[in-house]
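The structure appears below as structure tokens.
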Amino acid sequence: MTYSPAKTWRLRRLLPWLVAITLLLVFSGALVHLLTESWWFESVGYGSVFWLRLRWQLGLGLGTAILYAGVLWVNYQIAQRITRDRSYRFLSRYSDLTQRNYLERMIHLGVLGLILVITLGVALQAAGAWQRVLQFLNPTPFGTVDPIFQRDIGFYIFQLPLWQGLQEDLLGLLVWALLIAAGVYALKGEVRPERGWKYFLTGEAKAHLCLLLAAIAVVLAAGFWLDRYGLLYSGSGVIFGAGYTDVHARLQALRLMGFVTLAVAMLFVVALTRSGFSLPIFGIAIYLGVLVLVNGLYPWFQQNFVVEPNELTLERPYIEHNIAFTRQAYNLDNVATEPFRAENDLTREAIDANTPTVGNIRLWDYAPLLSTYKQLQEIRLYYNFEDVDIDRYTLNGDYRQVTLSARELPVEQLPPEAQNWINRQLKFTHGFGVVMSPVNQVTANGLPEFFIRNVPPDSTVDLPLDQPRIYYGEGTRNYIFTGANTDEFDYPLGDTNAAYRYTGVGGVQLNSWLRRLFYAYDLGNARLLISNYFSPETRIHYHRLITERVRQVAPFLTYDSDPYPVVLDGRIKWVLDGYTTSDRYPYAEPLNYRTDLISLVESTNPLVRNNINYIRDAVKVFVDAYDGTIEFYARDRSDPLLATFSRIFPALFKSMDDLPASYRDHLRYPQDIFTVQAQMYRAFHMENPEVFYNREDLWRFPEHEEDGATQAMEPYYIIMKLPRLEREEFLQILPFTPANRDNMIAWMAGGSDGDNYGQLLLYEFPKQELVFGPTQVEARISQTPEISEQLTLWSQQGSRVIRGTLLVIPVEQSLLYVQPIYLRADQGELPELRRVIVAYADRVVMRETLEQSLDVIFGEASTPPTTAPPEGTPAPITTTTAELVQAALESYQTGQQALQQGDWQRYGEAQRQLESLLQQLNQQIP
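In structure tokens, the structure reads:
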């Protein structure tokens, strides 16, 4: 094989072009995506956020790349210059000088390629640290200092992470430089083991490596210095955070290791003036010995022979730090605690006086109601209800609690034969309307009463919905085009379909051929260039999934797992709760740190999985379902994290003073953060260090059986009037039981209205008296003969009994327990509310309605006198009992036929007719 200088020259000229073309092809997709993303950010009004992030990402990435590449290449060139009179040993078998030179140039290119790969990885990592850098440059003091180092909490959240990251990156840079230089010296024979371990490396090569090792030692010493602050997150003691051993042993060990490492660095420098490598080797041996002795054995000895025999006494101040800082981090310092006597002195008059509370008791659970919504109101196969949410509205003059769900159109539910590009991107573009029903009303056949239903929306309340179309939602995962030369599907209209053309401002305009070209490349779809459906008015809508949409703009926030729709000013808007979170709050216990605090609801709560130890309900986000407009409102201006983000992005957050009153009426305290606070409060309500240490008063969430599995009770919303409140409010509530018993020990509520928003109230029950917990009440229900017999009978008749959530409702100074019972056919998906169980004191009653159950326990409510029917009301056609029975039977059969055929309208009419006939029959039979 021969090597031609001409070929080598041509290769050297072509190589830069090949590299440039390769890089262009590799990064073209990313560059085009950045361009299309800039258009998207401009379309939603947050272009300044995008360009600020991009500038910092590019600056950090390029700066780090230049630094890394420069340092590594310089060290490689230094090693090459020191060994310029030597060749690589493995090249000695090549006798041709030209061949050896060519291979050496290939080695140069290989090393350059390695440096570029290392640089690229580090640059991408540095670009991703833009948020950490911006927080470092815009810190906000917390006004609280840690008890060990007396540093403001802001130092640990905003500054320490960057210092630690810089130390790690610099250490990695020096290690790579050492490896590259040492590799050159080893491959060129500069390292000579035959001289003995003291003199295996001499001269300039030894000086080069000694300087690199000295620099590494200095960086390691800085790491030990920073590791002192990491003791505040220690998990080695009885509590999370620095304990006695950490403060009195590990802290001293880290300080000593820092000084020893600096001394080792000095030995490397001194070794420059002495022959041989014995002094650095001696320094490394001393370093390892001290590391094992001081950083390992000494803390172990103190923990086992000093602390554990006197653990409570020595750890008491650190337990106090853990309790105090955990309560601060989860905003548990201001929980209002009141005793609750749990008396059993309710009367009919007290029930009537608390009508706002009793009248808003939720009888519909999420799962059965969602199944019912799907069966009755999805209308067509392609519609879908993702979730059922709870909110409150003033409807027809009444302040009441309702459930509602948005009717979306996920194209994945289209039939397979309809899954084509035209349908997915141009035709089936939006959902339509919402379904709304009161939480406490049912029809005679056990189905929910609807305030808003059908397509187009049919409403019985004074709540206008002028724009019911849903282009952005919880199930809108695909991109679509509007403004095309073809109509969109709007909603089914008899045997045909209504058509629509989008008129909103959402999406990015495709008003030029160049934009279509870039989007075609970004999406990998050439139809954008060749389709005749596009026009200058065409818009592309993407990032339509609302959680993804808000994360694109503000990825530094953590969002609640349950966005909910509201009807505001005739439009549908989605509300998302944004949290500021951190895992760097000193002494604050992370959510899943202890096994005795792990809850059964953790698997459904993303905050728990993130293992945070600081959280604030800081931001409210509103997303318009029609045009995708995003509004961020800074709710908690006292939060230092939010203050820092507001300084970084001054145009992102609006003030709560600018929040319209109609928006404010639908804010609710989020379930995720309430669950997190309740979970931490189970242990951290114990403020006495000795009680906390012994876990004497640990609580847990009540448990209940659902589908054969034990699950923890989740918080639930309710409108109610507490004894300390002037009027009824929208609250989120959750009971507690002791860790190893089922009786109820406390009950927590979180406010959502007005000045009480976010205020936590805890009712503590007398510990010397028995207050039944939900599990005990459910056991009493199961042991009541007439109830258990009826439920068993239903289960044996081809129906499935679904026991709803057992609600614990404080009324004045007493407790009501309410549980709905649903029936569902084994082969059906239409649960019906058939009974309501009420437990009070020593009585358990099951009747068809809540009112009937309350009447049995407390006596019938006073009712207004009946009035004669107005003139013109037609008399019933059937008058005899036999005729009424026959007509009722025919109505029932008609309804069953309609049910089997899926004709819900005819089914509803038959059920209403059946109800009327049964009422007439009831009047005739004594």
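Just so you know, we're using our numbering here: the sequence shown kicks off at 165 and counts up by one.
Every residue, glycine too, gets a C-beta built ideally from N, C-alpha and C.
Because the structure is a prediction, the values reported are computed rather than measured.
Which listed residue (the options) has its alpha carbon closest to that of residue i
i      : options                             : result
LEU693 : ALA429, SER699, PRO700 and ALA684   : ALA684
LYS591 : ALA449, THR650, PHE549 and GLY353   : THR650
ARG253 : GLU268, ILE242, GLN541 and ALA570   : GLU268
THR477 : GLU854, PHE900 and ARG859           : GLU854
ALA752 : GLN241, GLY292, SER398 and GLY561   : SER398
HIS830 : VAL566, VAL717, SER251 and ARG967   : VAL566
ARG219 : ILE271, GLY561 and GLY292           : GLY292
ASP836 : LEU420, LEU771, ARG828 and PRO719   : LEU771
LEU455 : GLN466, GLN467, THR437 and THR425   : THR425
THR640 : THR1013, GLU870, ASP1019 and VAL575 : VAL575
THR711 : LEU301, PRO727, VAL1049 and ARG703  : PRO727
LEU823 : VAL785, THR1013 and PHE848          : VAL785
Cβ pair residue i, residue j closer than 9 Å
i       : j       : result
ALA798  : TYR635  : no
LEU559  : VAL619  : no
TYR537  : VAL606  : no
GLU795  : LYS818  : yes
ARG988  : SER535  : yes
MET884  : PRO520  : yes
TRP327  : LEU276  : no
VAL982  : VAL1002 : yes
TYR563  : GLU878  : no
ILE945  : MET1010 : yes
ASP316  : VAL286  : no
VAL975  : ASN508  : no
LEU925  : LEU886  : yes
VAL1000 : LEU1014 : yes
GLY610  : THR646  : no
LEU568  : PRO729  : yes
VAL499  : TYR530  : no
PRO612  : ILE966  : no
Exposure of residue i, with buried meaning 16 or more beta-carbon neighbours within 10 Å
i       : result
ILE230  : exposed
THR593  : buried
LYS370  : buried
TRP340  : buried
ASN920  : buried
THR956  : exposed
ILE897  : buried
GLN1075 : buried
TRP215  : exposed
TRP528  : buried
GLY193  : exposed
HIS272  : exposed
LEU1078 : buried
GLU996  : buried
ILE185  : exposed
Residues that residue i bridges to, as DSSP identifies them
i      : result
MET912 : LEU898 and LEU926
GLU996 : LEU987
TRP863 : PRO902
GLY595 : ILE634
ASP553 : LEU568
SER978 : VAL975
THR409 : Beta-bridge pairing links THR409 to no other residue.
Spatial neighbours of residue i in its chain, beta-carbon cut-off 8 Å, leaving aside the 5 residues before and after
i       : result
LYS931  : ILE909
VAL297  : TRP220, LEU224 and LEU326
ILE1021 : VAL1002, TYR1004, ARG1007 and VAL1009
Other residues of its chain near residue i: CB distance less than 6 Å, five sequence neighbours each side excluded
i       : result
THR1037 : For THR1037, the predicted model reports a pLDDT of 37, less than 50, meaning its position is unreliable and no value from the coordinates is stated.
PHE813  : VAL213
PHE900  : TRP863, ILE909 and ALA910
GLY595  : ARG571, GLU572, LEU573 and ILE634
VAL471  : TYR408, THR409 and LEU478
GLY742  : LEU721, TYR723, VAL783 and VAL785
Own chain residues within Cβ distance below 7 Å of residue i, not counting five before or after
i      : result
ASP444 : The sequence as given places Pro at residue 444; Asp does not occur at that position. If we look at PRO444 and ignore the five residues flanking it on each side, its Cβ neighbours are CYS374, LEU377, LEU431, PHE432 and ALA435.
THR228 : VAL286, ALA287 and ALA290
LEU338 : LEU376, ALA379, ILE380 and VAL383
SER952 : SER946
9 Å Cβ cutoff, residue i in contact with chain D
i       : result
GLN1077 : Absent here is chain D; the protein component of the structure consists of one chain.
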